[in-house]
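Contents: one structure, followed by commentary.
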Amino acid sequence: MKLTEEKFEVVSETERLVIRPLQKADYENWLNEFENRYPSQHRHDQGKIDMSACTQEWFHNLVDKHQELALTDTAHVFGVFRKEDGTHLGMVDFSTLIRDDFQWGRIGYTIHNQFWRKGYGKEAVKEALTIAFNHLKFHRIEAHINLDNAASIHLAESIGMEYECTRKGLIFEFGEWTDNLIYYKNSNE
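Be aware that the sequence shown starts at 1, since it is given in UniProt numbering, and climbs by one per residue.
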């Protein structure tokens, strides 16, 4: 991990993936894979989205915002790239919930739906947890998952996250306060 006052950079690799913060040079690759998404496969998949507002200038501002969030330890956002050809596959992010005596964060993840069922999500999230524990120094990471998101539940369980509880009305989405399943992993497990 390299951390300076101006730039946060963590690069981690698996057999097939590179996980790192987005860079301004990623714009074409990033945009192309968003534009190549399939239509939505279920309610937790955005599918094709209108990318017309996502200009190169907009993207450069996004990269700068991600850097700002990382430098303030508010959130750490990573692109997931296929090692063999650099294709942007999706994103993994961590939000800092509290530091102090807790060192507690939340993970979010998404793989573009045209790359589903190839094991990229499992590989990316498993490696991202290594980043969270070894580089970002979190002790506890939670995944907050909708009750009916079977794919996300399966992914969390497949990488060793454990179900802890259901938090009632945790997040406002789909026009209502929604319950979420809480899966967690601690650094010493």
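From the three backbone atoms N, C-alpha and C, an ideal C-beta is built for every residue, glycine too.
- Look at Y38 here: in three-state DSSP terms it is coil, with no helix or strand label.
- Excluding five sequence positions before and after R99, the CB atoms of its chain that fall closer than 8 angstroms to its own CB belong to D73, given in chain order.
- By the CB criterion at 7 angstroms, I182 and C165 fall inside the cutoff.
- Per DSSP, reduced to three states, the secondary structure at V11 is coil, with no helix or strand assignment.
- Annotated three-state conformation of H88 is strand, per DSSP.
- Residue state for A143 is assigned as strand, using DSSP reduced to three classes.
- Around the beta carbon of G119, fewer than 16 other beta carbons lie within 10 angstroms, which makes this residue exposed.
- Annotated three-state conformation of H66 is helix, per DSSP.
- Within 10 angstroms of the beta-carbon of W30 lie 16 or more other beta-carbons, which makes it buried.
- Using a 10 angstroms sphere on the CB of Y27, the tally of other CB atoms reaches 16 or more, which defines it as buried.
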